[in-house]
Each structure stands twice: as structure tokens, then as C-alpha cells.
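Residue numbers (full-length UniProt numbering): 1 to 382.
Below you'll find the structure, written out as C-alpha cells, and then a few comments.
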């Protein structure tokens, strides 16, 4: 098993000072995470999504992480592959350089980005990206391994050139695909790639996605493989706040998740911008009268109370690792039972204060990770 952290650089303060603080805070967390025994730090890539994700240059962030750490893995989760956003030659050069300088610690995830806001920034229609993303993801491993590359594709044309450097890992770092639906899970398995399951659906949803991914992996064909290092690996998102006071952790976590989902909804679905200054305990509720966990949230001017019994709101499921150490251990065990090979802890959600994130990382490192290490959980071998 791997136990990791993933970062969006999400912030309620989009000012220049707010940007400075969010990255300073994240770096404090990352250095602590290395000391606490975490396995990988993953960074997303988004452009022009104010508040939701200011992680627009993950290659720079991860290079700084590599320089400040000695052991922890360096994860691109993921590099967006529209050619005008990240040309495959430049992606290969950056991945190889980072892998050399980090001592072979890079994990290389790929995807397309999720919004027209991002695609339009680089002159694309979001609905037309799949073919060019596929062309790029098949091409990059060749650039990473061949002395010279020449490519005359539908979207990418490269005259014969030697591209340097080559990565420390041979033949190249492990590759992953961002997976949010059945189609991407099937493609990840069929192409011999790891699956980064980045939804909030919880263990039940992860179990369904795991079945799709493993089935595709078992029936994969050599000609469909991306790169030259196939591996079977499913990483599952785990929204987490772990404090001594479990109820306080639930309230902080659920409020953070509300901010995450409302800021996501603003860019992905045309909802309203979140306004946490207007939220008190009446608007951020850990439990309802029947003891069910709920999120009181707002989409398109309509306030709704969400619980996991409503399948249409699965992404808003608030039943995550918000609570005590024992609550977190129980939830992580459910993700492992659902098929996860890696837990992607996310506590960096807009409204969550720095002290709560640091305490969460310490509690996971001092109690949760050792619990599973003692049980002998091992990474699934492909």
C-alpha cells in the first residue's frame, strides 16, 4: 500500500497574498509529510480556475518539492496533454529532468483537464480533446526512450530530432491516467496504466470503479499499451481531517468539502461562487436530526441537504475520513477492501485551516500509516 497526499492549491483568498500563503502552507505540509512517512506528494494541473485550483505550474512546484525532500515520491496527478498547453516534447523533457534531479522519484499521470474554461484558454473546444490527448500520451514514452523522435500525426508533428535528457527510471517513470468515469477506467486498464480515481464517491463507488479497471487490465492487448512499463495500480481519493476532537474534525472537513464542491460547481456546472463568510453551523451541519451526515450546500441558487442515500449526489457524499484516528483507520480499511492500492489523502480544501491540516498529517503519520504497515499491507504486484 501507498499513503499519499494530493494538492489542488485551493484557496478562499485569490489575492496575490493569498497565493503566497497557500503555497507556503502546502510546502510546510509536504516537509512534514516526508517526516511522517507518506509515500507520494501528488499535484494536479489546472489553469484559470480561481479559488478552486491555483496549481497551474505543477512541474515547478514538484521540482521545489524534490529539492526540499529526500525520499517522498513526486507525483504529477496529472499533466494536461492538449499540445498547446503542454507540448509532448516539453512534457518529456520536464519529466526526465525532474526524474533525474529527484533521484528517480517521479510518478507520471496524464489527462486532459476538465473544463471549457481551461480548454478555451489554449484555443480548444473541450469536447474535441480526446484524440489529441491519446496521440500525445502514446508519443511521450517514445520521446523518453528513443535516441531520436520523428512524428507526423493528426495533431502533433515533430521533425526528426534528438530530445534530451532521458529519465533516471528505466525505461521511464510509471504512468497513470486520471479516472472519473467508466470510460477512463476502462482505458487505463486496457492501456496498462495506473488509475487515479479522483472522485468523492467513497468506498462503494471505488469498488465499482475497481471492477471496471481490473476487468480491463485482465483483457488488455499489447498493441493498446501506453509506454513500456505496464503496472496495475488503483489510487483512491480520501477526503480527510483527523483530529483528537472527532466532531470538530467532521465540521471542519464537511465545511471544506462544501467549499471544494461549490467552487468546482462554479467552474464545471455554472453554479454560484461559494461564500464561506456566510456559513455558520446552521449552514455547515455535521449531522441532521436522524444522525445522518449531511452537507447543506448551494447549487444554482437552491440550497440542498445532501446525504449519501441520494445516488444523484454521490460526489457530495460527506461520509469520509473526517473524525478521530480510529474513524480514519476504519475508512481507509474500507477503501483498501474496495480495491485501492494507494490512498490519496486530501485535506487541503479551501476553508480548512493550516493547523488542522498539519494535525491531520501528524495523526495519519503517527497512527494511521503505522497501523497498516504493521498489518503488512503491501502494494499489489502487477
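Cβ coordinates follow ideal geometry from the N, Cα and C atoms, glycine included.
Because the structure is a prediction, the values reported are computed rather than measured.
(message) Restricting to runs no shorter than 3 residues, where is the beta strand (DSSP E) found entirely within the segment 2 to 38?
(response) Counting only runs of 3 or more, we get 2 to 7.
(message) Ignoring anything shorter than 4 residues, give me the alpha helix (DSSP H) runs that lie fully in the segment 182 to 270, in order along the chain.
(response) Here the runs fully enclosed are 182 to 190, 203 to 218, 246 to 269.
(request) Compare the C-alpha of residue 103 against each of 63, 112, 82 and name the closest. (result) Residue 63 is the option with its Cα nearest to residue 103.
(request) Assign residue 247 to buried or exposed, taking buried as 16 or more other Cβ atoms, counted over all protein chains shown, within 10 Å of its Cβ. (result) By the neighbour-count rule (16 or more Cβ atoms within 10 Å), residue 247 is not buried but exposed.
(message) In the DSSP assignment, the alpha helix (DSSP H) including residue 152 goes from what residue to what residue?
(response) From DSSP, residue 152 is part of no alpha helix (DSSP H) but of the beta strand (DSSP E) over 148 to 152.
(request) Could you pull out every residue in the same chain whose Cβ sits closer than 6 Å to the Cβ of residue 233, ignoring the five residues on either side in sequence? (result) Cβ contact annotation for residue 233 (same chain, cutoff 6 Å, sequence separation greater than five): 194, 341, in chain order.
(request) State the Cα-Cα distance for the pair residue 207 and residue 235, rounded to the nearest angstrom. (result) Spanning the two alpha carbons is a distance of roughly 12 Å.
(request) Report the rounded CA-to-CA distance for residue 140 versus residue 147, giving the unit in angstroms. (result) Cα to Cα, the separation comes out at about 13 Å.
(request) Note down the Cα distance separating residue 124 from residue 363, rounded to an integer number of angstroms. (result) Near 43 Å, if we compare the C-alpha coordinates of residue 363 and residue 124.
(request) Measure the C-alpha to C-alpha separation of residue 174 and residue 93 and round it to an integer number of angstroms. (result) Each residue's alpha carbon lies about 16 Å from the other.
(request) Could you please give me the residues that DSSP links to residue 144 through a beta bridge? (result) Note: residue 144 sits in no beta bridge, so no partner.
(message) Here's the rule: buried if 16 or more other CB atoms are within 10 angstroms of the residue's CB, otherwise exposed. What is residue 255?
(response) Residue 255 comes out buried.
(message) Since residue 180 and residue 202 should fall inside the 8 Å C-beta cutoff, what is the C-beta to C-beta distance between them, to a whole number of angstroms?
(response) 14 Å between Cβ atoms; not a contact.
(request) Within 10 angstroms of the Cβ of residue 318, are there 16 or more other Cβ atoms? Answer buried if so, exposed if not. (result) With 16 or more other Cβ atoms within 10 Å, it is buried.
(message) When you compare the segment 49 to 63 with the segment 156 to 168, are there three or more beta-carbon pairs, one atom per stretch, that lie closer than 8 Å?
(response) Too few Cβ pairs lie closer than 8 Å, so no.
(request) Determine, using beta carbons only, whether residue 77 and residue 185 come nearer to each other than 7 Å. (result) The Cβ atoms of residue 77 and residue 185 lie no closer than 7 Å to each other.
(request) Please report how far the alpha carbon of residue 268 lies from the alpha carbon of residue 260, in whole angstroms. (result) Here the C-alpha atom of residue 268 lies approximately 12 Å from the C-alpha atom of residue 260.
(message) Could you check whether residue 85 and residue 110 sit closer than 7 Å to each other, using their CB atoms as the reference points?
(response) No, the pair does not count as a contact, with Cβ atoms beyond the cut-off.
(request) Could you name the residues of the same chain whose beta carbon sits closer than 8 Å to that of residue 368, not counting the 5 residues immediately before and after it, in chain order? (result) Excluding positions up to five away in sequence, the list reads 3, 242, 325, 328, 329, 332.
(request) Mind listing, in chain order, the continuous beta strand (DSSP E) runs of no fewer than 3 residues lying wholly within the segment 62 to 89? (result) Runs of beta strand (DSSP E) with 3 or more residues, each lying fully within the segment 62 to 89, are found at 73 to 80, listed in chain order.
(message) For a test of the three-state rule: what should DSSP assign to residue 273, helix, strand or coil?
(response) Residue 273 falls in the coil class under three-state DSSP.
(message) Which of the three DSSP states is assigned to residue 48 in this structure?
(response) Under the three-state reduction of DSSP, residue 48 is assigned to coil, being neither helix nor strand.
(message) residue 220 and residue 323 - do their beta-carbons sit closer together than 7 Å?
(response) Not a contact, by the Cβ cut-off of 7 Å.
(request) Determine the extent of the alpha helix (DSSP H) in which residue 372 is found, giving its start and end residues. (result) Looking at the DSSP string, the run of the alpha helix (DSSP H) that includes residue 372 is 369 to 374.
(message) For a test of the three-state rule: what should DSSP assign to residue 279, helix, strand or coil?
(response) Three-state result, residue 279: coil.
(message) Distance check for residue 135 and residue 356, CA to CA, integer angstroms please.
(response) Approximately 42 Å between the Cα atoms of the pair.
(request) Given a cut-off of 7 Å, decide if residue 39 and residue 73 are closer than it, judged by their beta-carbon atoms. (result) It is a contact, given that the beta carbons lie within the stated cut-off.
(request) Could you tell me whether the Cβ atoms of residue 48 and residue 117 are closer together than 7 Å? (result) Annotated as proximal: residue 48 and residue 117, with beta-carbon spacing under 7 Å.
(request) Would you kindly check if the distance between the Cβ of residue 321 and the Cβ of residue 238 is under 7 Å? (result) The answer is yes: Cβ separation under 7 Å.
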